[in-house]
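The structure appears right after this line, and notes come after that.
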Amino acid sequence: MGVTGIIAEYNPLHLGHRHLLEEVRKGRPEQGILVVMSGDFVQRGEPALTDKYRRAAMALEAGADLVIELPPRFATASAAGFARGAVGLLQACGCVDELAFGASCEDPAVFKGLADRTRAALGTRIMHDGLREGLSYAAAAAAAVSAEDPEAGSLLRDPNNLLGTENVMMIRELGAEFRPVPVLRTGEGHLSRELPEQGFASATAVRRALERGETAESLRAYLAPGVPEKLDYTIFPDDLSAAMSAVLWRLMQDGDEAPAALIRYADVGGILAVRIADQAPFDRPFTELAEAVSSRNFTLARVRRSLLHILLGIRREDMTPLPRSIRILGLREDSFLPALLKEKASLPVLTKMADADPALAEEYTQAHRLYAQTVYFKTGRRIPDDYRQSPVVLKRENDCILF
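Here my numbering is used: the first residue of the sequence shown is 33, the next is one more, and so on.
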């Protein structure tokens, strides 16, 4: 029996995600599927729509066997940092044979070539100038690669292909012993913002529809079975506004020294710290604050991630090269993977946080505590903290136990 790794956010889990899970297991009913999933905060620098336990349940019901959490410092990092944490976590599991990801091309050799091209482009003037002019990392990388190979650059403009390329680059860098398996994606692109009339929708389009006030039930045609019921509450970036204002108010008490205090946090450099300090006195929603701080040199995504690191207390020294533990969020009761993981893993495996080393548990629990408080202040609902919540278990009768 083999094990396929998948890196995901499932924010939320839609039909395209389920398609990937089904394709991985097609013709291989005994294949194990291990998902590394972002927790309560995601790489866009935002809170997830719903908490990590509900999203782990979505993954299990869609076909995953085991879901482990990508620690917040990697889940909210740049594309390269995200890939490093996720691939490093799969490597530490010690049982993964392959890494599957959605893409517009099924040929692994193409992604090995794209990884070579992208690696060579990282230090070029075109890449540097693109980033300096305010291009996103993805756009700058595509432009730099296009200068040498237009066809490869065109492939990199597909966000799914770029994510796959980052994963292949990190597999090589870390010396991981699993092979990349691109699976042909169907439907809308990863960042498509509009709902299609038919077919698969992107997670971005689903989130935008929910933020506009559409109900999860009205979006059922785009979501995997069981997902609408788990979106009984939804959290959006501006739900962090009060907490963000409070944290910045406290930091601004240092007056002229405030920028120096901000520089302690991950991804906050000197100029960005000054821009944040200049905007902090204005009490405004999280999204407006991020837009006010962003500039030609600082993309909106970079600013959102930096603000989130300040809010979560993720400092520069916290950004260790690789994860330090494996945190189980959910599992199938009849899967062989949990036992195999405990046998093969090279890192501590955390199930019940109350029994875990506090130094390892804190990086997960602090982020979940903030998320739970955000849910409570918005909805009045109390969700259990990490110390009270055991991993979600999918019973044989396909019924997830949640809260």
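C-beta atoms are modelled at their ideal positions from N, C-alpha and C, and glycine is treated no differently. The structure displayed is predicted, hence computed values, not measured ones.
{"Item": "According to DSSP, residues forming a beta bridge with residue 98", "Value": "66, 363"}
{"Item": "Coil, strand or helix - residue 347 by DSSP", "Value": "strand"}
{"Item": "Close Cβ partners of residue 136 (< 8 Å) along its chain, the five nearest in sequence each way excluded", "Value": "187, 190, 192, 193, 216, 217"}
{"Item": "Selected residue, minimal CA-CA separation from residue 58, among 180, 354, 233, 36", "Value": "36"}
{"Item": "Residue from 271, 55, 326, 314 with nearest C-alpha to residue 411", "Value": "271"}
{"Item": "For residue 63 and residue 130, the rounded distance between their alpha carbons", "Value": "11 Å"}
{"Item": "Local Cβ density within 10 Å of residue 285, reported as buried at 16 or more and exposed below that", "Value": "exposed"}
{"Item": "Status (buried if at least 16 other CB within 10 Å, exposed otherwise) for residue 396", "Value": "buried"}
{"Item": "Reduced DSSP secondary structure (H/G/I, E/B, other) of residue 78", "Value": "strand"}
{"Item": "At least 3 beta-carbon pairs within less than 8 Å: the region 106-117 vs the region 327-344", "Value": "yes"}
{"Item": "Residues bridged to residue 38 [DSSP beta-bridge criterion]", "Value": "67, 132"}
{"Item": "Cβ-Cβ separation, residue 265 to residue 437 (assumed contact under 8 Å), whole Å", "Value": "Because the chain in this structure spans residues 33 to 435, residue 437 falls outside the shown range and cannot be described."}
{"Item": "Sequence-distant residues of its chain with Cβ nearer than 8 Å to residue 413 (five each side left out)", "Value": "265, 407"}
{"Item": "Residue 138 classed as buried or exposed, judged by whether at least 16 other C-beta atoms fall within 10 angstroms", "Value": "exposed"}
{"Item": "Nearest-angstrom Cβ-Cβ length linking residue 98 and residue 363, presumed shorter than 8 Å", "Value": "5 Å"}
{"Item": "Neighbour-count burial assignment, residue 303, 16 or more Cβ in a 10 Å radius", "Value": "exposed"}
{"Item": "Of the listed residues 121, 34, 33, nearest to residue 40 (C-alpha basis)", "Value": "121"}
{"Item": "Given residue 124 as reference, the closest of 243, 210, 278, 87 once Cα atoms are compared", "Value": "210"}
{"Item": "Selection from 382, 404, 354 that minimises the alpha carbon distance to residue 344", "Value": "404"}
{"Item": "Pick from 77, 68, 324, 183 that is closest to residue 88, judged by C-alpha positions", "Value": "68"}
{"Item": "Cut-off 8 Å between Cβ atoms - residues of its own chain near residue 374, not counting five sequence neighbours on either side", "Value": "381"}
{"Item": "Inter-residue CB distance, residue 65 and residue 38 (contact presumed, cutoff 8 Å)", "Value": "6 Å"}
{"Item": "Beta-bridge partners of residue 51, as assigned by DSSP", "Value": "Residue 51 is not bridged to any residue."}
{"Item": "Host beta strand (DSSP E) of residue 215 (start-end)", "Value": "211-216"}
{"Item": "Within 8 Å, strictly: CB atoms of residue 132 and residue 213", "Value": "yes"}
{"Item": "Close Cβ partners of residue 19 (< 7 Å) along its chain, the five nearest in sequence each way excluded", "Value": "This structure gives no information on residue 19, because the portion of the chain shown stretches from 33 to 435."}
{"Item": "Within 8 Å, strictly: CB atoms of residue 162 and residue 176", "Value": "yes"}
{"Item": "Contacts around residue 200, its chain only, beta-carbon distance under 7 Å, and the 5 residues preceding and following it disregarded", "Value": "143, 144, 147, 212"}
{"Item": "Straight-line Cα distance separating residue 377 from residue 46", "Value": "30 Å"}
{"Item": "Collapsed DSSP secondary structure at residue 424 in the structure displayed", "Value": "strand"}
{"Item": "Beta-carbon proximity list for residue 300, same chain, < 6 Å, skipping 5 on both sides", "Value": "294, 338"}
{"Item": "DSSP-derived helix/strand/coil call for residue 435", "Value": "The pLDDT assigned to residue 435 is 43, lower than 50, so where the model puts this residue is not dependable; a value taken from the coordinates is nonetheless given after this. Three-state DSSP puts residue 435 in coil, outside helix and strand."}
{"Item": "With 16 other Cβ atoms within 10 Å as the buried cut-off, status of residue 33", "Value": "exposed"}
{"Item": "Residue 332 vs residue 356 beta-carbon contact at 8 Å", "Value": "no"}
{"Item": "Residues bridged to residue 381 [DSSP beta-bridge criterion]", "Value": "358"}
{"Item": "Pick from 394, 185, 361, 417 that is closest to residue 91, judged by C-alpha positions", "Value": "361"}
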